[in-house]
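Chemist: Chains as they are written, first to last, in our numbering: chain A, 84 to 596; chain B, 128 to 486. Glycine residues also receive a C-beta, built at the ideal position from the N, C-alpha and C atoms. What follows is a single structure, and I will ask about it in a moment.
See below:
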C-alpha cells in the first residue's frame, strides 16, 4: 500500500489497514489486563472482537477511545497516521468513532437535540438556533443510514434500534474529522432479534460509506453473520484472528473460553401427570400499559418462556406480575391472591424476581456481595442482640461456593464483580428465599458465555425443587434451550403458546413478528 | 480477580453514589464495567489504612500543635470541659442526620426542629409553669410530630426530601419566632435543669455522656439491626432494595422521624447546657452537623456515613476551632472552619467514589 495509491484513487482497497494496534499492554496496579495484544482492522471490513467478560476487550476499547493510558511500547496506526494511544482528542482527530453499549443518549430529549448536542446547533446569522437547519441536518444524517422515524419525540419513546441509529449517526456526524473506524460495543445487547437485522442493514450502509467497523459482541451468531474477520481475546492476550469462513459457533466458544462448555444437567422428567394440578402461578386478565388481558399458568417445576419484540409488553411483564408497577387483573401464587405494588408481599407469597437491569434494579452497588445476597431475608441472622454477622457471612460463603461466584470473597464490593458474577449473586439472593415462583427478566443480558451456561444450569437445577420459572427473554436461543413452553407476546397479548421441543430460534423469531 | 475484602471494608452503599440524582448520573453508575471498577479499586487501595483514619492523625497533630504553642491554656482540664460540652450537642445533631443520610435522604429541618424544641421546652417550663417531666414529654411529642410531617410529605406526596425539609426548616424557624415573639427565655428555668447543665462526672459535663449513649445506640442500630441494613440498602439503590423486598418508603419515613426525635433531644440538651433559650439555637448547628457527617463518611467505612467517623470529625473540628480561638483567632473562625470542612468532606468522598454529587 502506498500513499500515492490512496490519494490517486481516493479509495482504499479491502486489504489496506484502517486501524492497527501492536504490542498493546495495560497494567492496573499489579495485574496485567492486556499483554501484547495486536489488533488489525482492514478498510471496508467488519471486524469482530470477542472474548469473555474480563478478557480485556473493554480495556482495549477504552484505550482506543483514549480513556485509559496503555503501558509504554504500544504502537497504533489509523490508516497511515500514527495514533497516540490514550489520547481521546487524537483518537477523534484520526477518525475513530465509538458507540458504547448504553448509547449515551439523553432519554428525555429528541433525536434533533441528541444529534445537535454533539455536532452543534446550526445557527442563523443573528446567532439564534435555526431549527429548520438543525432539522434538515438531522434528517440528512439519519436518512443516510436509512432511518425514517419521528425525530421530534423523546428518544426514550423510540425503539431500541432507532436509538442505536441515533447513536451511530451522532458518532459519524461529529464535525472536525472524517470518520474511518466505527467501534460498536455490544450494540445488540438490548435489541430483539428482528431489530438486529435492521441494525445490520445500517452497519452495511456505514461500511459502504468507507468506514470500517469493529463489532464487539457476546452473541456469536451475530458475529458470524456480520463480521469478515474475528479477533478473539482471552485473559488479556490474542488467541486468534481468523476470517469468518474458517469459523463456526463451537470453534468460537472453544476459542473464547479455552475449554469445552460444561454439559447442562439433564432435564427433569416433565411427564404432565407428575405435575401439580394446582398451578404454582396463575395470572388472570393481567393488564398494564401495553400488556392487555394476559392469562398464564405455571406449574411446579416448569419453565415457561415469554418471547416478544420490544413494544410487545415483554419488558413490562415481570414488573406487573411481581407487583412493581400498578396493574389490573389477578396474580395468584399457591392459591393466594398477591396484592399489587407490594414487592415485599409478593416475596412473602413465594415469588422472587431477578430484574432485567442489573445495576439499576438489582445491585446494591457498593454494598458487599454478602449484603447483596442476604438482603432478601435477614430473619435467620437476627438474635435478641442484633444481626449475627458470622452466621450471615458463612451462609453467603456457601452461596458463593455453590454458584461459583468470583472472587470467593463475601466482603468484595458488588460493583467490582464482572457482569456474570453480579448476576449469579442476584440469583443467590432469590434462590436463598426458596421461591415457589421465580421470575427471570433477561437473566443473561450482558453476561459472557461461561456465566450464561452456568446460570442456565442453576435455573434447571432449581426447577427440580419444584420451583416454577417464568423466563422473559429477548434471546430466542435461551428461551428454546431453557423453557418447556414459550408464550409469544404480540401487542400486549399472548398470541400463542408453543412447545419448545422441536422449535428453532428462527421459528420463534418469526412467531414474534 | 484481586481480593479486596480483607484490606477494605467498604460495606454499605456509597453515599455519593446514593446522591446521584439525574438520569445521566444513573447511567454513569450503570456504566461502571469490570475493568473500570478494577482501576477505581486499585486507585483507592494504595492509601488504604492510613486514609481511613487520616482524621485521627490530623486530630493528634492538632493536639500536639496547640499543646506546644499554648501549653498553659490548651492542655488544661478547663479546655477539656468546655470542649466536651461544646462537642456534645454538635455530635448529637450530626448523629441525627446520619440516619436519613444513610438512606440517601436529606433532613435539612433538624436545625429548625432543635430550635423549636429549645423554645417550646422553655416556654412550657417558665411561662406555662408545667411540671418538668410533662414539658419534656410534650416537647418530644412535638419533635416526633415534625418528623412525621416530613415523612408523610416525602413518602406519601413524593416530594424530594431536600425540598421538603428545606421548606419545613423555614416553617419551623417561623414557628419558633411566632411562639417566642422573638424574645427567647434566657432565665427562670427550673433549678434541676440548670444544675444538670453544670453537673460533671470526672470533670466532663453530663451532656457529653448523654451524647455518648445516643451515639452508641445509633451505631448499634446502623451496624447490627435489620433496620440499619435496610437504611443502607435503600441508600445504595432504592429501586433495587424495593425489589428485594425492603419497604423503602417506611424506611425513609422512619429515618426522618428518628432524625427529628434526636434533634429534639439535642434541643433539650442545649437548654440544659446553656440554661436558657436562644433564637438561633438550632439553625447554627445544621451546617456543622452536615460537615461532620460528610467528613466522617471518609473515615473507617470509606464512603459511607457512620457513627465513629462522624464523632471523630466533630472532635477534630472542635479541637481545631478551640485551638485557633486560644491562639487569639476571631469569632468567625468556627463558621469558616465548618464551611471548609463540609466542602472538603464531600470532595474527598467524591474522589473516592468518582461520582458526581447533588448540587
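(1) Using only CA atoms, which one of A:461, A:130, A:159 lies nearest to residue 327 of chain A?
(2) With burial defined as no fewer than 16 other Cβ atoms inside 10 Å of the residue's Cβ, what is the status of residue 146 of chain A: buried or exposed?
(3) When burial is assigned at 16 or more other CB atoms within 10 Å of the CB, is residue 386 of chain A buried or exposed?
(4) Do we get a CB-CB distance below 9 Å when we pair residue 563 of chain A with the residues of chain B?
(5) Should residue 414 of chain B be flagged as near chain A, meaning a C-beta pair shorter than 9 Å?
(6) Taking beta-carbon pairs under 8 Å, can you tell me which members of the stretch 380-411 of chain B lie near chain A?
(7) Judging by CA-CA distance, which residue of A:377, A:384, A:416 is the nearest neighbour of residue 399 of chain A?
(8) Identify which residue in A:118, A:109, A:151, A:178 has its Cα closest to the Cα of residue 102 of chain A.
(9) Quick one: which residues of the stretch 418-429 of chain B get their C-beta closer than 8 Å to a C-beta of chain A? List them in chain order.
(10) Are residue 595 of chain A and residue 571 of chain A touching if we call contact CB-CB under 9 Å?
(11) Which residue or residues does DSSP assign as beta-bridge partners of residue 380 of chain A?
(12) Over the uninterrupted beta strand (DSSP E) stretch that includes residue 441 of chain B, give me the two end residues.
(13) Taking 6 Å as the limit between beta carbons, can you name the residues of its chain near residue 583 of chain A, skipping five residues before and five after?
(14) Taking just the CA atoms, how far does residue 244 of chain B sit from residue 483 of chain A?
(15) Quick one, which of A:541, A:99, A:118 has its alpha-carbon nearest residue 126 of chain A's?
(16) Can a CB atom of chain A be found closer than 9 Å to the CB of residue 154 of chain B?
(17) State yes or no: is the C-beta of residue 435 of chain A within less than 9 Å of the C-beta of residue 453 of chain A?
(18) By the 10 Å Cβ neighbour count, where 16 or more other Cβ atoms means buried, how is residue 466 of chain B classified, buried or exposed?
(19) List, from N- to C-terminal side, the beta strand (DSSP E) runs of 3 residues or more that fit wholly inside the stretch 369-456 of chain A.
(20) Rounded to whole angstroms, what is the Cα-Cα separation between residue 259 of chain B and residue 252 of chain B?
(21) Which residues in the same chain have their Cβ closer than 8 Å to the Cβ of residue 257 of chain B, if we skip the five residues on either side of it in sequence?
(22) Thinking C-alpha only, which one of A:388, A:157, A:493, A:591 is nearest residue 522 of chain A?
(23) Can you round the beta-carbon distance between residue 403 of chain A and residue 410 of chain A to whole angstroms, since I take them to be within the 8 Å contact cut?
(24) Should the stretch 370-386 of chain B be called in touch with the stretch 281-297 of chain B, which here means at least 3 C-beta pairs below 8 Å?
(25) Per DSSP, residue 321 of chain A forms a beta bridge with which residues?
(26) Say whether chain B places a C-beta atom closer than 9 Å to the C-beta of residue 417 of chain A.
(27) Chain A partners of residue 364 of chain B, CB-CB under 7 Å?
(28) Using beta-carbon positions only, say whether residue 233 of chain B and residue 450 of chain B come within less than 9 Å of one another.
(29) Considering Cα atoms alone, identify which of A:321, A:319, A:320, A:315 is closest to residue 336 of chain A.
(30) Taking all protein chains shown into account, do 16 or more other C-beta atoms lie within 10 angstroms of the C-beta of residue 421 of chain B, making it buried, or fewer, making it exposed?
(31) In chain B, which residues lie less than 9 Å from residue 47 of chain A when you measure between Cβ atoms?
(32) Measure the C-alpha to C-alpha separation of residue 247 of chain A and residue 105 of chain A and round it to an integer number of angstroms.
(33) Kindly indicate the opening and closing residues of the beta strand (DSSP E) around residue 577 of chain A.
(34) Can you give me the C-alpha to C-alpha distance between residue 308 of chain B and residue 404 of chain B, rounded to a whole angstrom?
(35) Interface residues of chain A around residue 351 of chain B at Cβ under 7 Å?
(36) Answer with yes or no whether the minimum CB distance from residue 427 of chain A to chain B is below 9 Å.
Modeler: To lay it out plainly:
(1) Translated into the one-based positions of the first chain, residue 327 of chain A becomes position 244. Checked all of A:461, A:130, A:159; the closest Cα to residue 327 of chain A is A:130.
(2) What you label residue 146 of chain A is simply residue 63 of the first chain in a count that begins at 1. Classification of residue 146 of chain A: buried, given that the 10 Å Cβ count is 16 or more.
(3) Reading the first chain from its first residue, position 303 is the one you call residue 386 of chain A. It is buried - the Cβ of residue 386 of chain A has at least 16 other Cβ atoms within 10 Å.
(4) For the purposes of this step, residue 563 of chain A is taken as the residue at position 480 of the first chain. Chain B contact via Cβ: absent.
(5) As a working mapping, residue 414 of chain B is identified with position 287 in the second chain. No, no contact with chain A.
(6) none
(7) By 1-based counting over the first chain, the position of residue 399 of chain A is 316. Ranking A:377, A:384, A:416 by Cα distance to residue 399 of chain A puts A:377 first.
(8) Locating residue 102 of chain A in the first chain gives position 19, counting from the first residue. Per the Cα distances, A:178.
(9) none
(10) On the first chain, position 512 is the one that residue 595 of chain A refers to. On the first chain, position 488 is the one that residue 571 of chain A refers to. In this structure, residue 571 of chain A lies closer than 9 Å to residue 595 of chain A by Cβ.
(11) In the first chain, residue 380 of chain A corresponds to position 297, counting from 1. Per DSSP, A:365.
(12) As a first step, residue 441 of chain B is located in the second chain; it is residue number 314 there, counting from the start. Not the beta strand (DSSP E): residue 441 of chain B falls in the alpha helix (DSSP H), residues 434-453.
(13) Working through the first chain from its first residue, we reach residue 583 of chain A at position 500. Cβ within range, chain order: 563, 566, 569.
(14) One-based indexing of the first chain puts residue 483 of chain A at position 400. One-based indexing of the second chain puts residue 244 of chain B at position 117. Rounded to whole angstroms, residue 483 of chain A to residue 244 of chain B spans 50 Å at the Cα level.
(15) Mapped onto the first chain, residue 126 of chain A falls at position 43. Nearest of A:541, A:99, A:118 to residue 126 of chain A, Cα basis: A:99.
(16) One-based indexing of the second chain puts residue 154 of chain B at position 27. Model confidence at residue 154 of chain B stands at a pLDDT of 34, short of 50, so the residue's coordinates are unreliable; what they give is reported in the following sentence. For residue 154 of chain B, the answer is yes, since a Cβ of chain A falls inside 9 Å of its Cβ.
(17) Along the first chain, read from residue 1 onward, the residue named residue 435 of chain A stands at position 352. Along the first chain, read from residue 1 onward, the residue named residue 453 of chain A stands at position 370. Contact: no.
(18) In the second chain, residue 466 of chain B corresponds to position 339, counting from 1. Residue 466 of chain B should be labelled exposed.
(19) 377-381, 386-391, 411-416, 434-437
(20) Residue mapping note: residue 259 of chain B aligns to position 132 of the second chain, counting from 1. Residue mapping note: residue 252 of chain B aligns to position 125 of the second chain, counting from 1. Cα-Cα distance, rounded: 6 Å.
(21) For the purposes of this step, residue 257 of chain B is taken as residue 130 along the second chain, with counting starting at 1. 251, 265, listed in sequence order.
(22) Start at 1 with the first residue of the first chain, and residue 522 of chain A comes out as number 439. For residue 522 of chain A, the nearest C-alpha among the options comes from A:388.
(23) Here residue 403 of chain A refers to the residue found at position 320 when the first chain is read from its first residue. Here residue 410 of chain A refers to the residue found at position 327 when the first chain is read from its first residue. About 4 Å; that satisfies the 8 Å criterion.
(24) yes
(25) Within the first chain, residue 321 of chain A is the residue found at index 238, counting from 1. In the DSSP output, where bridge partners are listed per residue, residue 321 of chain A has A:316.
(26) The count along the first chain starts at 1 and reaches residue 417 of chain A at position 334. No, no contact with chain B.
(27) Working through the second chain from its first residue, we reach residue 364 of chain B at position 237. Near residue 364 of chain B (Cβ distances below 7 Å), the residues of chain A are 446, 447, 448.
(28) In the second chain, the residue the question calls residue 233 of chain B occupies position 106. In the second chain, the residue the question calls residue 450 of chain B occupies position 323. Taking 9 Å as the Cβ cut-off, residue 233 of chain B and residue 450 of chain B do not qualify as a contacting pair.
(29) To locate residue 336 of chain A, count along the first chain from 1; it is residue 253. Checked all of A:321, A:319, A:320, A:315; the closest Cα to residue 336 of chain A is A:315.
(30) As a first step, residue 421 of chain B must be located in the second chain, where it is residue number 294. So residue 421 of chain B ends up on the buried side.
(31) There is simply no residue 47 of chain A to check, as chain A begins at 84 and stops at 596 in what is shown.
(32) By 1-based counting over the first chain, the position of residue 247 of chain A is 164. By 1-based counting over the first chain, the position of residue 105 of chain A is 22. The alpha-carbon atoms of residue 247 of chain A and residue 105 of chain A are separated by roughly 30 Å.
(33) In the first chain, the residue the question calls residue 577 of chain A occupies position 494. That run of the beta strand (DSSP E) goes 576-582.
(34) Counting from one through the second chain, the residue named residue 308 of chain B turns up at place 181. Counting from one through the second chain, the residue named residue 404 of chain B turns up at place 277. Going by the C-alpha atoms only, they are around 13 Å apart.
(35) Taking the first residue of the second chain as position 1, residue 351 of chain B is located at position 224. The contacting residues are 469, 470.
(36) In the first chain, counting from the first residue as 1, residue 427 of chain A sits at position 344. Yes, residue 427 of chain A counts as interfacial toward chain B.
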